[in-house]
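Have a look at the structure below, then the notes.
Chains as they are written, first to last, in the numbering used here: chain A, 16 to 718; chain U, 890 to 1013.
Structure, rendered in structure tokens:
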């Protein structure tokens, strides 16, 4: 067990009666089940019982050694358990020198530099009251009794906002201009008493409401108390002494070797209790932000924080929601492990402030919270919220590969393989010839494939994401392209729109030859760096003039990458990603085809993982599930445009061929199946799977 | 001939606004011979396309168009529209990047419809 059994509250807290306050950062009666210990960089699988396997913490405490995952990579973890009362000796650990951090903390503790308090306003500050409305005279504090007995006490915030609204309404003269409306500047609840701060001139107006009825009770309003509070000075500003205590707490609770910040059971921390940290709700609500502020002063860069603190435990704090500790996500956004066990978190709302935070969180512990029973499917939400999460409550819920996919933001649309509808391999032949020629001889390429009606244009997508491995490099420069970019979202003038559309061989050749030299990866040697799709397209002009309605063509879509080449040295320089779409038609060019349209989008290099199909959830695509294994004899002129054949018919035939290839059904049966499925390939494939056992032999092509 | 740039821009604006607000209203843009290719899944015909679009696994969606380019693609007034941009889905805050290619065809009554709609995610 990581924590000692909870001790009863002592000191000022014991005398308190506020139920509301004790909900918050207080010690829990629930048994501790272990905190978070260090994880090594090597992935360590975890076991299925209640203990953590990160480090040796808690091992054996439940007498279960079975089911424990690989111990590999745990060797360097020396910690047996976290000693909450002392700073451990230094053990050189992986990565950075922990003693440096220790020194840093100690040095910081010794300094008298006052810690500016980031979260000055209490969490219960009245929303929406800007400082700009404050007058210079200062604020009076007024106490209001009776809220706890009122019917409003059952409301989500204990009725505080209702009461404040009531007070402001009643105190404001309905005939007064809006700027004279009574505003409650600050408020906080301490036990049964709501303490509000109002401008001095508003004080009598509030006092007049004394003995008014509010939600079934008579309010007792008294004040003002004490001297007016100067506006920019918080009355209960933490003293240097408090800062020193907080630093001490931080130091005691920081485990150097396991890089664990153990903030569990804060409510029973004797030092915090002694200085009355939790003696008022106001102080309590400021405690955690203040602690985080000190952390921010100790670790000034994100890198320092990430290296110093891998795990944070907030176990056994009876937290009803993470709202009082939400600043953890700002201060330590990169932690890997977070222990929230044995709190009072009961639903997703109570965790909402951390949704989509902690992008690197690998292990989350929520055992001992009501959410387990009240939201049985909370695991699914946690998977969505925390893209790197692999382990929940010590149980692995997602493989690192799946996590990577989630971190890439791929879900919820599954990535599927390329879609290729080109029975005659026209586009394949074209692409294989085109890109090597684009790298080596653009003049011949332009002359060979483009004619007087061909069009080419180029646009730059500067907002596309960059591959993770390139993000530390300088931003790619687009100077050589930008003046040609025909991004209609950016250029408004028609002359620019038209001059950047290159029409005809000469113009296209000129454009090609002024663009930087390139080197595309080999289509044959590195096919994984390419994604090529092909679709039929109707109604292209027939250069022979024989068909008035035009002839069919192909849309070929190529996603890939290239390196720019420095012509003088032959060295590859910048690497970029591109998306290039061609419309190909029959013509007098190489291989009897011509390029009708050529549109090129360039963007920062984004890697090529995007078009590797996801394994698993394929969203019903037959191509991805079943690679085309069946050899189908496609009759001549089937699935290609021809005289007297409607485009719709061609599309249907193409789909039939595709379904046949995937299922082994004859074209006729594939057609019937598609007809019944509304010409939806995925639905047809599902229907096929259902009907498969009942289909006659003649439904299949002979095997 | 109407200016294909303007048609493409108006189309893209309309398409994504409609997509983001009420996907059901996209039906008007497709015909029985329209083909939607969403990732790999191919869908033919207006009703099947609509079913596909309305059953995509997200509720709220927001498109951010980064680039738009268009070219005339045939003599009868077809327009090739190429869009790249980012897609924000439900509470996912990391945008998904995509390319989408539309082959617009005149419907003979002065409007255009989507003949090919080819959507592909291109993650970086």
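Virtual Cβ for every residue (Gly too), placed ideally from N, Cα, C.
Same chain, Cβ closer than 7 Å to residue i, five either side skipped, listed in chain order
i, result
"residue 952(U)", "905, 908, 909, 974, 976"
"residue 493(A)", "475, 477"
"residue 227(A)", "185, 234"
"residue 166(A)", "230, 231"
"residue 278(A)", "268, 327, 328, 329"
"residue 417(A)", "none"
"residue 916(U)", "935, 939"
"residue 286(A)", "260, 263, 264"
"residue 899(U)", "none"
Nearest candidate by alpha-carbon position, reference residue i, set the options
i, options, result
"residue 377(A)", "392(A), 397(A), 352(A)", "352(A)"
"residue 174(A)", "188(A), 204(A), 364(A), 156(A)", "204(A)"
"residue 467(A)", "602(A), 390(A), 386(A)", "602(A)"
"residue 454(A)", "536(A), 469(A), 413(A), 526(A)", "536(A)"
"residue 711(A)", "368(A), 680(A), 702(A), 699(A)", "680(A)"
"residue 533(A)", "713(A), 356(A), 456(A), 519(A)", "456(A)"
"residue 502(A)", "1000(U), 995(U), 934(U), 954(U)", "954(U)"
"residue 576(A)", "223(A), 230(A), 595(A), 583(A)", "595(A)"
"residue 219(A)", "705(A), 193(A), 182(A), 209(A)", "182(A)"
"residue 441(A)", "571(A), 257(A), 291(A), 682(A)", "571(A)"
"residue 663(A)", "567(A), 699(A), 192(A)", "567(A)"
"residue 312(A)", "355(A), 548(A), 265(A)", "265(A)"
"residue 958(U)", "704(A), 516(A), 714(A)", "516(A)"
"residue 479(A)", "592(A), 472(A), 212(A)", "592(A)"
"residue 360(A)", "340(A), 449(A), 695(A)", "340(A)"
"residue 332(A)", "498(A), 280(A), 238(A), 389(A)", "280(A)"
Contact with chain A by residue i, beta-carbon distance below 8 Å
i, result
"residue 960(U)", "yes"
"residue 948(U)", "no"
"residue 917(U)", "no"
"residue 990(U)", "yes"
"residue 914(U)", "no"
"residue 906(U)", "no"
"residue 898(U)", "yes"
"residue 1000(U)", "no"
Same chain, Cβ closer than 6 Å to residue i, neighbours up to 5 away in sequence not counted
i, result
"residue 1007(U)", "926, 990"
"residue 307(A)", "342, 346"
"residue 518(A)", "470"
"residue 531(A)", "495, 579"
"residue 996(U)", "1002"
"residue 618(A)", "476, 479, 592"
For residue i, the first and last residue of its enclosing beta strand (DSSP E)
i, result
"residue 263(A)", "Note, residue 263(A): premise wrong, no beta strand (DSSP E); alpha helix (DSSP H) at 255-267."
"residue 597(A)", "586-601"
"residue 492(A)", "Here residue 492(A) belongs to no beta strand (DSSP E), and DSSP marks it neither H nor E."
"residue 353(A)", "352-354"
"residue 609(A)", "608-619"
"residue 499(A)", "Where residue 499(A) is concerned, there is no enclosing beta strand (DSSP E), given that its DSSP letter is neither H nor E."
Cβ neighbours of residue i in the same chain (closer than 8 Å, five flanking residues each side left out)
i, result
"residue 1011(U)", "973, 986, 987, 988"
"residue 196(A)", "183, 187"
C-beta neighbour in chain U for residue i, strict 8 Å
i, result
"residue 733(A)", "This structure does not reach residue 733(A), given that chain A is present from 16 up to 718, and the question cannot be answered."
"residue 480(A)", "yes"
"residue 667(A)", "yes"
"residue 578(A)", "no"
"residue 548(A)", "yes"
"residue 594(A)", "yes"
"residue 662(A)", "yes"
"residue 611(A)", "yes"
"residue 589(A)", "no"
"residue 271(A)", "no"
"residue 672(A)", "no"
Endpoints, alpha helix (DSSP H) assigned at residue i
i, result
"residue 653(A)", "Neither: residue 653(A) is in no alpha helix (DSSP H) and is coded neither H nor E."
"residue 443(A)", "441-455"
"residue 183(A)", "175-186"
"residue 521(A)", "520-529"
"residue 951(U)", "Looking at the DSSP string, residue 951(U) is not in any alpha helix (DSSP H); the run it does join, the beta strand (DSSP E), is 950-961."
"residue 222(A)", "218-222"
"residue 514(A)", "509-514"
(request) Quick one: which unbroken alpha helix (DSSP H) runs of 4-plus residues sit fully inside the segment 658-695 of chain A? Chain order, please. (result) 662-678, 682-691
(message) Ignoring anything shorter than 3 residues, give me the beta strand (DSSP E) runs that lie fully in the segment 908-940 of chain U, in order along the chain.
(response) 919-927, 930-933
(request) Identify every run of the alpha helix (DSSP H) within the segment 367-404 of chain A, keeping only runs that are complete inside it and at least 4 residues long; order them along the chain. (result) 386-389, 393-400
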